[in-house]
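Numbering (UniProt numbering), first residue to last: 1 to 317.
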């Protein structure tokens with residue numbers, strides 16, 4: 001049976017939710033080999049979780065130096081494995097994953113497909129393009145085609161496998177390495193990760209201010225246990241941090257429920273959220289384009305509608 005390599009996303013002791021999605025998406029391509037790039041000992045902690053998710057083999061590409069290096073440890077590990085035993089490679093989509101994919105494609109002389117939403121046994125992949133308005137099937141050549149999967153588009157289906165652990169020694173650090181001398185970790189709140197959240201509450205220009213996000217968007221999100229998102233306009237106006245931007249120049253979300261507040265529905269934003277299963281919007285302009293993709297639309301003042309909704313949700317808890 002052929003082998004497919006999956007780059008594991010993890011925190012050291014826990015798998016990121018997208019890893020199970022990657023393993024599920026990769027399974028039609030062959031027997032899954034999960035590649036863990038991390039510090040010594042981390043693979044042993046992650047191996048049982050990876051086996052439960054469906055990894056037949058777990059490769060420990062560990063080094064004390066990995067935490068201070070960027071990109072190259074992952075590229076080295078995957079390229080070494082694929083050069084020795086060619087097979088498809090599946091990576092989480094995003095700035096880092098896409099750069100890893102590009103470097104691997106150059107090393108392995110194989111094609112790469114970015115931001116796929118599904119992978120087929122014949123090595124073709126589904127892509128949602130032009131603002132998610134057109135679905136296409138794409139194929140690339142090479143012995144080790146590379147795919148970056150959009151987080152949140154595949155439902156993880158665990159399928160227990162052996163999870164046998166093997167070690168891989170990484171090459172020594174070279175002058176080409178970018179070395180991290182210090183960093184400040186991002187402060188993570190109690191809300192779900194935006195790309196993985198089942199419910200997303202997003203605010204746009206109509207929210208009006210940073211205070212509007214705090215008092216309206218965040219309060220509704222917290223009542224629902226949801227993640228908070230923002231449009232590009234809201235970010236440009238400095239109502240909310242750019243890391244929460246949804247759309248063509250932000251992140252793509254596919255929640256079970258998306259609630260848009262004060263959002264007009266420009267393609268820049270809707271391209272990043274219209275795969276949500278249910279879309280609910282509140283806007284005082286009945287002609288706003290976002291109503292065209294909404295399952296439920298409320299024409300009204302969000303500052304009147306949302307507080308009443310929050311109160312009703314809280315009374316039913």
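C-beta atoms are modelled at their ideal positions from N, C-alpha and C, and glycine is treated no differently.
Cα separation between residue i and residue j?
i	j	result
residue 97	residue 178	16 Å
residue 271	residue 234	16 Å
residue 148	residue 267	23 Å
residue 243	residue 133	25 Å
residue 157	residue 309	34 Å
residue 105	residue 151	21 Å
residue 297	residue 17	31 Å
residue 90	residue 314	42 Å
residue 262	residue 293	15 Å
residue 195	residue 19	13 Å
residue 145	residue 110	5 Å
residue 202	residue 253	11 Å
residue 176	residue 75	13 Å
residue 123	residue 230	35 Å
residue 184	residue 60	27 Å
residue 87	residue 260	42 Å
residue 277	residue 199	10 Å
residue 119	residue 45	29 Å
residue 219	residue 121	44 Å
Just to confirm the assignment, what range does the alpha helix (DSSP H) spanning residue i have?
i	result
residue 352	Outside the shown range of the chain, which is 1 to 317, sits residue 352, and nothing can be said about it.
residue 313	302-315
Taking 9 Å as the CB-CB cut-off, is residue i touching chain B?
i	result
residue 141	Here there is only one protein chain, and chain B is not present.
I need the boundaries of the beta strand (DSSP E) containing residue i, first residue and last residue.
i	result
residue 115	112-119
residue 199	199-203
Provide the residue(s) that pair with residue i in DSSP beta bridges, ordered along the chain.
i	result
residue 10	15
residue 105	Partner(s): none; residue 105 has no beta bridge.
residue 127	116 and 136
residue 3	31
With a threshold of 8 Å (Cβ to nearest heavy atom), would residue i be considered close to the ligand MN?
i	result
residue 224	Looking for the ligand MN in the displayed structure turns up nothing, as the structure carries no ligands at all.
(request) Could you tell me whether the region 25-35 touches the region 3-10, using the rule of 3 or more Cβ pairs below 8 Å? (result) yes
(message) As an exercise, report each continuous beta strand (DSSP E) stretch of at least 3 residues that is fully enclosed by the region 33-97, in chain order.
(response) 57-62 and 89-92
(request) Kindly confirm or deny that the region 207-216 and the region 232-252 touch, where touching means at least three C-beta pairs closer than 8 Å. (result) yes
(request) Give, in chain order, every unbroken run of the alpha helix (DSSP H) that is at least 4 residues long and sits entirely within the region 133-181. (result) none
(message) Using a Cβ distance threshold of 8 Å, determine whether the region 271-289 contacts the region 129-143, with at least three qualifying pairs required.
(response) yes
(message) Suppose only complete runs of 4+ residues qualify. What are the alpha helix (DSSP H) ranges in the region 224-255, listed by chain order?
(response) Runs of the alpha helix (DSSP H) inside the region 224-255: 232-236.
(message) For the region 159-166 against the region 79-99, do three or more pairs of beta-carbon atoms, one drawn from each stretch, fall closer than 8 Å, so that the two count as touching?
(response) no
(message) Could you check whether the region 47-60 touches the region 185-201, counting it as contact only if at least three pairs of C-beta atoms, one from each stretch, sit closer than 8 Å?
(response) no
(message) For the structure I just gave you, are there three or more beta carbon pairs, one from the region 223-232 and one from the region 166-175, closer than 8 Å?
(response) no
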